[in-house]
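Structure, as structure tokens:
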């Protein structure tokens, strides 16, 4: 089993070997002479921090600092952290209880979260979880949030992220890199949610109980009760709805709940379809009733991903 230093790329080196003859300046917020541990980022910045803080907030440092002191009892050399200041500083601020500036990007936040996991720092991980759950990040990259949430065992966040992916066409090549980063069970669960919604919608659209005029075999004109309806326009509209649902399974993408589907040529043809019997000319489909039923179908579709395979809790101590 690798030593903790090797696992997380931490290394003690003598100053003359790693930092040169003239040491870089200490970070202004981490320069207290009362602190007994010095960390060095890959940018060369030094951070003074008390060993008690490291022991109580990081499982990794609790192990490292329990090792025997250097021979002769002299002050330990700086501990090199092979991460840049942009990652080290925010994590140390969280561990010390200092204020942190707003996160500039999801990439920046994810990098700090990765280091917090390596350091076994549950407090910062919990704080970063809250930040990641913000709607800004969730809407910007739901697949990435879903990947992080399933990795850390954050069930509620994983559910929200999975629901947010319903605006995406997972078969699009642009999403392949993100999907390839998912654990197999997380990926299968997400694909199953998208597929289940699509198949459920198709079954509802084909249901004669839901859409009697379009799916009844045969169904005669409601006005004259003589002419069998020609459902060509209804079948074309169903196909368009299904195609839209396959690409973007969320209801607003279908345009049913916000009226977007009214601009489709298939929709206009469906509402314009009329009985061909001379003297009748009644519309084939009740427009308001059909839209109401479509809305009910969309609302009834499943929206939760199956996460029963996930552990209820996950420890990073």
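Residue numbers (the working numbering): 3 to 319. All residues carry an ideal CB built from backbone N, CA and C; glycine is no exception.
Residue 285 sits in a strand when the DSSP states are folded into three classes. Linking residue 289 to residue 248 through their CA atoms gives a straight-line distance of about 24 Å. A buried status is given to residue 216, since no fewer than 16 other beta-carbon atoms sit within 10 Å of its beta-carbon. The beta-carbon distance between residue 93 and residue 117, rounded to whole angstroms, is 5 Å. This is short enough to meet the 8 Å contact definition.
Cβ-Cβ separation between residue 62 and residue 120: approximately 7 Å, consistent with a contact (criterion under 8 Å). Within the same chain, Cβ atoms closer than 7 Å to the Cβ of residue 276 are found at 283, 284, 285 and 286, the five residues on either side in sequence being excluded. For residue 57, the three-state secondary structure derived from DSSP is helix. Under the DSSP assignment, residue 245 falls in the alpha helix (DSSP H) whose first and last residues are 234 to 249.
Rounded to the nearest whole angstrom, the CA to CA distance from residue 201 to residue 305 is 13 Å. With respect to the 9 Å criterion, residue 160 and residue 174 are not classified as neighbours on the basis of their beta carbons. The straight-line gap separating the alpha-carbon atoms of residue 192 and residue 228 is approximately 48 Å.
Exposed is the label assigned to residue 110, since fewer than 16 other Cβ atoms lie within 10 Å of its Cβ. With a threshold of 16 other beta carbon atoms within 10 Å, residue 295 meets it and is buried.
Under the criterion of beta carbons closer than 8 Å, residue 34 and residue 90 do not qualify as touching, at roughly 17 Å.
Contact check for residue 64 against residue 57 passes: the beta carbons are separated by less than 9 Å. For the set 59, 38 and 105, the Cα lying nearest the Cα of residue 80 is the one of 38.
Residue 28 is bridged by DSSP to 48. For the 9 Å CB-CB criterion, residue 96 and residue 113 do not form a contact.
By DSSP's assignment, residue 222 forms a beta bridge with 230.
If you look at residue 42, you'll find it in the beta strand (DSSP E) that goes 39 to 42. With a 10 Å radius around the Cβ and a threshold of 16 neighbouring Cβ atoms, residue 85 comes out buried. Using a Cβ distance threshold of 9 Å, residue 183 and residue 149 count as a contacting pair. Runs of alpha helix (DSSP H) with 4 or more residues, each lying fully within the segment 113 to 188, are found at 124 to 134, 137 to 142, 144 to 154, 157 to 166 and 178 to 182, listed in chain order.
Beyond the five residues adjoining it in sequence on each side, residue 83 comes within less than 6 Å, by CB distance, of 41, 43 and 90 in the same chain, given in chain order. If the five residues before and after residue 135 are omitted, its C-beta is found closer than 6 Å to the C-beta atoms of 159, all from its own chain and listed in chain order. Bridge partners of residue 297 according to DSSP: none are assigned. In the structure shown, the three-state DSSP call for residue 276 is strand.
Between residue 293 and residue 203, the CB-CB gap reaches or exceeds 9 Å. For residue 97, the enclosing alpha helix (DSSP H) starts and ends at 87 to 98. Taken through DSSP and simplified to helix, strand or coil, residue 101 comes out as coil. Assignment of residue 63 by DSSP, reduced to helix, strand and coil, places it in the helix class. Rounded to whole angstroms, residue 32 and residue 100 show a C-alpha spacing of 10 Å.
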